[in-house]
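Taken in order, these protein sequences are the chains called A and B. For the first sequence, the positions run 0 to 164 when numbering that gives the first Met the number 0 is used. For the second sequence, the positions run 0 to 164 when numbering that gives the first Met the number 0 is used. Cβ coordinates follow ideal geometry from the N, Cα and C atoms, glycine included.
Number of protein chains: 2
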Amino acid sequence: MTTTPSPLPATPPLPDASDEWLRVDQQICFSLHAASRAFNGVYRVVLKDLGLTYPQYLVMLVLWEHGTLPVKKLGEHLRLDSGTLSPLLKRLETAGLVRRERSARDERSVEVRPTEEGEAMRRRAVEVPRRILAATGFEIDEVRALSSRLHALTTALDKAAAEGA
Amino acid sequence: MTTTPSPLPATPPLPDASDEWLRVDQQICFSLHAASRAFNGVYRVVLKDLGLTYPQYLVMLVLWEHGTLPVKKLGEHLRLDSGTLSPLLKRLETAGLVRRERSARDERSVEVRPTEEGEAMRRRAVEVPRRILAATGFEIDEVRALSSRLHALTTALDKAAAEGA
DNA sequence: AGCCATTTGGTTGTGCACAATTTAATTGTG
DNA sequence: CACAATTAAATTGTGCACAACCAAATGGCT
Chain A
0 MTTTPSPLPA TPPLPDASDE WLRVDQQICF SLHAASRAFN GVYRVVLKDL
50 GLTYPQYLVM LVLWEHGTLP VKKLGEHLRL DSGTLSPLLK RLETAGLVRR
100 ERSARDERSV EVRPTEEGEA MRRRAVEVPR RILAATGFEI DEVRALSSRL
150 HALTTALDKA AAEGA
Chain B
0 MTTTPSPLPA TPPLPDASDE WLRVDQQICF SLHAASRAFN GVYRVVLKDL
50 GLTYPQYLVM LVLWEHGTLP VKKLGEHLRL DSGTLSPLLK RLETAGLVRR
100 ERSARDERSV EVRPTEEGEA MRRRAVEVPR RILAATGFEI DEVRALSSRL
150 HALTTALDKA AAEGA
């Protein structure tokens, strides 16, 4: 808001400028955090009919697009590790939407495949994107532009985190 | 990714237009979700010295800016309810950063106030925003623009969720 | 063959997010 | 004053995210 172009003091102990930085920072991290949770809330409503949570829906999306995948590949697509996926997939299996079975060729690998019921859900899921887009009130191109910026942001952040800063 | 107009390698037993929607959708929800987690990862690294998690840092930010607040107000600033804040604040209290005490005027209310140690941490926290900004590789104005769009998005999504769709 | 680093999932523990329920204090109304 | 409605926190239960650790399988190496 009132972000006057401060002269960037060299890491001061605690003058007024630092307050300003802390406020601005709040807008950076905050807006993203809040938007993510707000999205989650809308998905919660929209996906209630399907009986899926948002991350479960993401898993099904990947399976619908790529078919059967080992847990590893699934994790790469979604940037999730086994600590998150294992219990999630177990719940999807309990719900009858996927099956998990050890690969015959590599006994370390577990193949995740959608069941008949899981594939059938795809037909009911096609309306989800439209409802979400409607909830945003954004034009499709605007959403695409935003996604593009966020993707660039994610790439940069991942790189920074990997470099330990 | 490669949004080339590929002839859709007939993996799935389903029409074409719906697949397109499901792919686009993935970019909408996905990029935000991924960016949020990527941010979290960078904050994890940067905040490790302070011994704070990202949500704990957000709580301290609000307290530094507004001083003592009841849990309710804190939740309004952060869009978090008592189910999230109660255990979080308990951990902050154990860490010696805040104190919680029942309001004398309204015994239902719990006032959260930063301790001396909590206030002192503010001095060490002023460098956080700069490090985060550096990690994004974005210009400050670009970040501001993005935040603005995300804020608008959040407002729209909240409204939609409240209306049950 | 035997050995060892790597790969792949799973498990455990900590913490956040949120819905639903519970308890206590306050406020409004007759 | 008594009593219903409201409000503020805490609690409980489910699920996601991730670090740290563990076990089994694989593949390369001598």
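Listed along the chain, the chain A residues whose CB falls inside 7 Å of the CB of Gln-55 (chain B) amount to none; the nearest CB is some 13 Å away. For Leu-79 (chain A), the three-state secondary structure derived from DSSP is coil. Secondary structure at Glu-116 (chain A): helix, using DSSP grouped into helix, strand and coil. Assignment of beta strand (DSSP E) within the segment 28 to 102 of chain B, counting only whole runs of 3 or more residues, yields 97 to 101 in chain order.
Spanning the alpha carbons of Gln-26 (chain B) and Ala-160 (chain A) requires a straight line of approximately 22 Å. In the three-state reduction of the DSSP assignment, Val-127 (chain B) falls in the helix class. Spatial neighbours of Ala-144 (chain A) in its own chain (CB-CB distance under 6 Å, excluding positions within 5 residues in sequence) are not present. In this structure, Val-41 (chain B) sits near Ala-134 (chain B), with a CB-CB distance shorter than 7 Å. The three-state secondary structure of Glu-19 (chain A), taken from DSSP, is helix. Here DSSP, grouped into helix, strand and coil, assigns Glu-110 (chain A) to strand. Here the segment 64 to 80 of chain A makes contact with the segment 104 to 119 of chain A; the two share three or more CB pairs at distances below 8 Å.
Contacts with chain B at 7 Å (Cβ-Cβ) include His-150 (chain A).
Among the residues facing chain B, Val-58 (chain A) is not included, as its CB has no counterpart in that chain under 7 Å away. For the C-beta of Glu-116 (chain B), not a single chain A residue is nearer than 8 Å; the gap to the nearest is close to 15 Å. If you ignore the 5 residues before and after Leu-132 (chain A), its C-beta comes within less than 8 Å of the C-beta of Ile-139, Val-142, all in its own chain and listed in chain order. Annotation: Asp-105 (chain B) is outside any alpha helix (DSSP H) and is labelled neither H nor E by DSSP.
At least one C-beta of chain A is nearer than 7 Å to the C-beta of Thr-135 (chain B). Per DSSP, reduced to three states, the secondary structure at Glu-162 (chain B) is coil, with no helix or strand assignment. A straight line joining the alpha-carbon of Arg-90 (chain B) with that of Glu-116 (chain B) spans about 14 Å.
Between the alpha carbons of Ala-151 (chain B) and Asn-39 (chain A) lies a gap of roughly 16 Å. No Cβ of chain A is located within less than 7 Å of the beta carbon of Ser-81 (chain B). Taking 7 Å as the cut-off, the Cβ atoms of Leu-77 (chain A) and Leu-57 (chain A) count as close. Closer than 7 Å to the CB of Ala-155 (chain A) there is at least one CB belonging to chain B. Within chain B, Ala-34, Ser-35, Phe-38, Leu-149 have C-beta atoms less than 7 Å from the C-beta of Leu-31 (chain A), given in sequence order.
With contacts defined as CB atoms closer than 7 Å, Arg-98 (chain B) and Arg-112 (chain B) qualify as a contacting pair.
Glu-138 (chain B) carries a coil assignment under DSSP once its states are collapsed to helix, strand and coil. Proximity of chain A to Arg-22 (chain B) at the Cβ level (cut-off 8 Å) is accounted for by Glu-64, in chain order. Interface flag for Ala-160 (chain A) against chain B is set, since a Cβ pair is found closer than 7 Å. The alpha-carbon of Arg-148 (chain A) is positioned some 19 Å away from that of Ala-37 (chain A).
Straight-line spacing of the CA atoms in His-65 (chain A) and Ser-35 (chain B) works out to 25 Å. Residue-level contact check: Arg-78 (chain A) touches chain B, since one or more beta carbons of chain B fall below 7 Å from its beta carbon.
Within 10 angstroms of the beta-carbon of Ala-119 (chain A) lie fewer than 16 other beta-carbons, which makes it exposed. Its Cα nearest to that of Glu-75 (chain A), the residue B:Ala-33 stands out among B:Pro-86, B:Leu-51, B:Asp-80, B:Ala-33. Distances from the CA of Leu-49 (chain B) to each of B:Ser-102, B:Phe-29, B:Ala-103, B:Gly-95 were compared; the closest alpha carbon is that of B:Gly-95.
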